[in-house]
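The structure under discussion appears below in the form of structure tokens.
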Amino acid sequence: MAVATQIEENGLKVLSALPKPLRNAGIRTANKFRVMQMNRLKTPLYITLYVTNYCNAKCDHCFYWEELNTGKPELSLEEMKQIAKSLKHPLRTIMLTGGEPFLRKDIADIIIAFHKINGTRRVTIPSNGINTDRIVNAVKKVLEECPKLFLHIQISIDGPREMHDKFRRVPGCYDKATESLRQLLAIKKANKNLACSVMTTVCNANFELIPDFVKLIKTEFPEAMHKFNILRGSHLGTYGVPEDVASTLDADLKKVDSIPPEKLEELFKNVIGEVSKNKDKIWQNFQKLKWQYSIEMLKTEKRIFDCTAGRTFGVIYPNGGVSVCEPTKQFANLHDFNMDFSELWKSQYANHMRAKTRDCNCIHPCNMLDSMGYDTNTIIKATEVEKTNTPFAVTSTNNVIA
Ligand SMILES: C[S@@+](CC[C@H](N)C(=O)[O-])C[C@H]1O[C@@H](n2cnc3c(N)ncnc32)[C@H](O)[C@@H]1O
Ligand code: SF4
Ligand code: SF4
52 MAVATQIEEN GLKVLSALPK PLRNAGIRTA NKFRVMQMNR LKTPLYITLY
102 VTNYCNAKCD HCFYWEELNT GKPELSLEEM KQIAKSLKHP LRTIMLTGGE
152 PFLRKDIADI IIAFHKINGT RRVTIPSNGI NTDRIVNAVK KVLEECPKLF
202 LHIQISIDGP REMHDKFRRV PGCYDKATES LRQLLAIKKA NKNLACSVMT
252 TVCNANFELI PDFVKLIKTE FPEAMHKFNI LRGSHLGTYG VPEDVASTLD
302 ADLKKVDSIP PEKLEELFKN VIGEVSKNKD KIWQNFQKLK WQYSIEMLKT
352 EKRIFDCTAG RTFGVIYPNG GVSVCEPTKQ FANLHDFNMD FSELWKSQYA
402 NHMRAKTRDC NCIHPCNMLD SMGYDTNTII KATEVEKTNT PFAVTSTNNV
452 IA
């Protein structure tokens, strides 16, 4: 789901059935109201929580590599419970990431705590898939204790066996990751609230291999979604963030590089667009637009829609630091606010950061999809293409919120 929870629980589907002039007028009016409500939020609806700095891989492309295995203190389960308690709205989605999230022995308890204390509806966890037993045991425990929670495990696999093992610098990584995926897909058969996907980050190391890799995954794991990420970092696909608030998280460009947007465009047209087909046409169109917008931003470095980071979206790091998004710096620390997220979110530091990030743009996929779900032009496009199936016209503008 996501995309602002399918524009407030499928209201968009009803509107999209109307004739075009009526539909567009309806979307404009409804979205103005949604944006007003969004601007009044006291705490975000989406949080990315880095549960650990530990990792058992050393991937060439990792933007978080400098933080890994430093032994710095991490938020405890109790502190996370306090954070969950302090949120003023139930989270639509929390992404638990790191590091390798399943290295936290209490990962299942963290999920259960957010679901039970805050009413969090969806949890997404990206994982390198190395620790099959831990992943499977944690997933089973969560599904048993939280029958209403929607859990999505994304197993990161960047290419075929040899490439993946070399890229992640772990012998046997591919076999372990695919074994985790296999066992998760078996659990999924009896649990409609579990989603499993393969997440592939597109960069110069795997670009040529992707068409065949897509076929391999489709053949071996036909039930798994296959999703794609474009290599990013604070200085890769991020534009206009003032230097004094820019994060330093970046891929190590001595090891890996992005590919030109024209090549990405080709890849999307010939391969990824096909894989992303979905029976929910509006969702599919948002995904398609996300790729088109990313390619356009990489080409023009211009903003296409208003970013909602700092309003609907926030990031918490293992040290308790908070940022409005990954490409920007931590602006305050929960330890200084007694783990009260809502106090921190309304502080002068948060307001300062919101002001500083008014004009930037980036290809960060989570922020993009979240923000696009509040952008009137995008919503209209996503419903139109369902009917016409023509390519989208993308124009860069600084303010497209109606
Ligand atoms: C930072 S990792 C953390 C979770 C887990 N360790 C894993 O690898 O899945 C989350 C996701 O980000 C991807 N990733 C890492 N560095 C990236 C980069 N520079 N650009 C885009 N995606 C990246 C990973 O491949 C993974 O799919
Ligand atoms: S991408 Fe994930 S598995 Fe790879 S080094 Fe980074 S945190 Fe670890
Ligand atoms: S566009 Fe949004 S997510 Fe990207 S850097 Fe700026 S504030 Fe952060």
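In this note's numbering, the protein residues as written are 52 to 453. Even for Gly, the Cβ is constructed at its ideal location relative to N, Cα and C.
CB of Arg283 within 9 Å of CB of Ile414, strictly: One thing to note: Arg283 has its Cβ within 9 Å of the Cβ of Ile414.
In DSSP terms, what Pro177 is bridged to: DSSP lists Gln205 as the bridge partner or partners of Pro177.
Beta strand (DSSP E) runs contained entirely in the segment 367–413, provided each spans 3 or more residues: Here the runs fully enclosed are 372–374.
Assigned secondary structure, Ile145 (DSSP; H/G/I helix, E/B strand, else coil): Here DSSP, grouped into helix, strand and coil, assigns Ile145 to strand.
DSSP-derived helix/strand/coil call for Glu435: Of the three classes helix, strand and coil, the one that applies to Glu435 here is helix, per DSSP.
Same chain, Cβ closer than 6 Å to Lys109, neighbours up to 5 away in sequence not counted: Cβ within range, chain order: Arg220.
First and last residue of the uninterrupted alpha helix (DSSP H) at Val190: Here the alpha helix (DSSP H) through Val190 covers 183–196.
Terminal residues of the alpha helix (DSSP H) in which Val86 lies: Element bounds for Val86: 71–90.
With 16 other Cβ atoms within 10 Å as the buried cut-off, status of Asn179: Looking at its Cβ environment, which holds 16 or more other Cβ atoms inside 10 Å, Asn179 is buried.
Neighbourhood of Ser398 by C-beta, 7 Å cutoff - its chain only, sequence neighbours within 5 removed: Excluding five sequence positions before and after Ser398, the CB atoms of its chain that fall closer than 7 Å to its own CB belong to Ala383, given in chain order.
Cβ-heavy atom distance, Leu287 to ligand 1, below 8 Å: Distances from the CB of Leu287 to the heavy atoms of ligand 1 include at least one below 8 Å.
Start-to-end residues for the alpha helix (DSSP H) that takes in Tyr344: Where Tyr344 is concerned, the enclosing alpha helix (DSSP H) stretches over 332–351.
Per-residue burial, Glu347 [other beta carbons within 10 Å of its own, 16 or more giving buried]: It is buried - the Cβ of Glu347 has at least 16 other Cβ atoms within 10 Å.
Beta carbon of Arg242 nearer than 9 Å to that of Asn182: Just to set this straight, residue 242 is Asn in the shown sequence, not Arg. Taking C-beta atoms as the reference points, Asn242 and Asn182 fail to come closer than 9 Å.
Where Cys224 falls: helix, strand or coil (DSSP): In the three-state reduction of the DSSP assignment, Cys224 falls in the helix class.
Beta-carbon proximity list for Leu300, same chain, < 7 Å, skipping 5 on both sides: These residues qualify, in order along the chain: Phe114, Tyr115, Gly284, Ser285, Glu377.
Three CB pairs or more closer than 8 Å across the segment 289–298 and the segment 309–321: Counting Cβ pairs under 8 Å, fewer than three are found: no touch.
Buried versus exposed call for Thr448 [16 or more other C-beta atoms within 10 Å across all chains shown]: For Thr448, the predicted structure reports a pLDDT of 36, less than 50, and the residue's modelled location is therefore unreliable. The matter cannot be settled from this model.
Gly424 CB to nearest heavy atom of ligand 2 below 8 Å: Distances from the CB of Gly424 to the heavy atoms of ligand 2 are all 8 Å or more.
Heavy atom of ligand 2 within 8 Å of Leu63 beta-carbon: In this structure, the C-beta of Leu63 stays at least 8 Å away from each heavy atom of ligand 2.
Span of the alpha helix (DSSP H) around Thr270: 261–271 is the extent of the alpha helix (DSSP H) around Thr270.
Residues proximal to ligand 3 by C-beta, any heavy atom closer than 6 Å: In chain order, the hits are Thr289, Val292, Cys358, Ala360, Val375, Cys376, Pro378, Thr379, Thr408, Cys411, Asn412, Cys413, His415, Asn418.
CB-CB length for Ala491 against Leu92, believed under 8 Å: For residue 491 there is no data in the structure shown, the boundaries of the chain being 52 and 453.
CB contact flag (Gly324, Lys339, <9 Å): Against a cut-off of 9 Å, the Cβ pair of Lys339 and Gly324 comes out as a contact.
Check: Leu304 C-beta below 8 Å from any heavy atom of ligand 2: With a cut-off of 8 Å, the C-beta of Leu304 is classified as distant from ligand 2, since no heavy atom of the ligand falls inside that distance.
Continuous alpha helix (DSSP H) stretch holding Cys358: start and end: Taken as a continuous stretch (DSSP letters only), Cys358 belongs to no alpha helix (DSSP H), as it is neither H nor E.
Member of Lys306, Ala135, Phe272 whose CA lies at the smallest distance from the CA of Met390: Of the candidates Lys306, Ala135, Phe272, the one whose C-alpha sits nearest the C-alpha of Met390 is Ala135.
Closer than 8 Å: Met250 CB and nearest ligand 1 heavy atom: Yes - ligand 1 has a heavy atom lying nearer than 8 Å to the Cβ of Met250.
Residue environment, Phe84, which counts as buried when at least 16 other CB atoms sit within 10 Å: So Phe84 counts as exposed.
Residue of Asn169, Leu385, Val292 minimising C-alpha distance to Ile145: Cα-wise, what sits closest to Ile145 is Asn169.
Sequence-distant residues of its chain with Cβ nearer than 8 Å to Thr434 (five each side left out): Excluding positions up to five away in sequence, the list reads Leu63, Leu66, Ser67, Arg74, Ile78, Ile333, Asn336.
First through last residue of the beta strand (DSSP E) which encompasses Asn280: Annotation: the continuous beta strand (DSSP E) that includes Asn280 extends over 276–281.
Ser393: CB within 8 Å of a non-hydrogen atom of ligand 2: In this structure, ligand 2 has no non-hydrogen atom nearer than 8 Å to the beta-carbon of Ser393.
His166 versus Phe264 - alpha carbon distance: Each residue's Cα considered, the two are about 35 Å apart.
Gln343 classed as buried or exposed, judged by whether at least 16 other C-beta atoms fall within 10 angstroms: Counting the other CB atoms within 10 Å of its CB gives Gln343 a total of 16 or more, which places it among the buried residues.
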